[in-house]
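Asks:
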Ligand code: 5GP
Ligand code: ZN
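Residue numbers (the numbering used here): 62 to 173.
#1: Just checking, does the stretch 131-141 make contact with the stretch 80-93 on the three C-beta pairs under 8 Å criterion?
#2: With distance defined between alpha-carbon atoms, name the residue in 121, 136, 111 nearest to residue 156.
#3: Using three-state DSSP, classify residue 99 as helix, strand or coil.
#4: Report all residues from its chain with a CB closer than 7 Å to the CB of residue 126; omit the five preceding and five following residues, and keep chain order.
#5: Report the partner residues of residue 80 according to the DSSP bridge assignment.
#6: With burial defined as no fewer than 16 other Cβ atoms inside 10 Å of the residue's Cβ, what is the status of residue 171: buried or exposed?
#7: Would you call residue 97 buried or exposed, if buried means 16 or more other Cβ atoms sit within 10 Å of its Cβ?
#8: Let me check understanding here. Comparing Cα to Cα, which of 119, 67, 135, 109 lies closest to residue 144?
#9: State the beta-bridge partners of residue 141 as determined by DSSP.
Listed below in structure tokens is the structure:
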């Protein structure tokens, strides 16, 4: 089982912000902003490019709860950064699809 599958099944502890039968949101262990949490599907999907037609609803669910939790974390007024890294060029280090949400910090574009 991969690291985020273990977190999603409570085998490894995390600071959980939200959980339902489809997704879990938890704080990043190495936060890059005052608000930095990850939203993962409970189903193991390795990267965003491995999503299939029948995962469309799950992807919407992931994004919907990402923005909902961002607002609960106080990011509604000033916004936040929603990021999905994919494979090596995208800088993905954990092989289980996850949405990063970073807030309460002024971020810039383009990324380095
Ligand atoms: P990626 O680079 O794959 O987009 O992001 C992986 C993220 O997972 C990193 O921001 C990293 O800090 C976080 N991470 C890695 N291992 C753990 C862990 O065991 N627990 C938690 N909560 N976050 C982790
Ligand atoms: Zn997994």
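Idealized CB from N, CA, C, for every residue including glycine.
Replies: Well, looking at it:
#1: no
#2: 111
#3: strand
#4: 79, 84, 86, 100
#5: Under the DSSP definition of a beta bridge, residue 80 partners with 85.
#6: It is exposed - the Cβ of residue 171 has fewer than 16 other Cβ atoms within 10 Å.
#7: buried
#8: In terms of Cα proximity to residue 144, the closest of 119, 67, 135, 109 is 109.
#9: Under DSSP, residue 141 takes part in a beta bridge, and its partners are 164.
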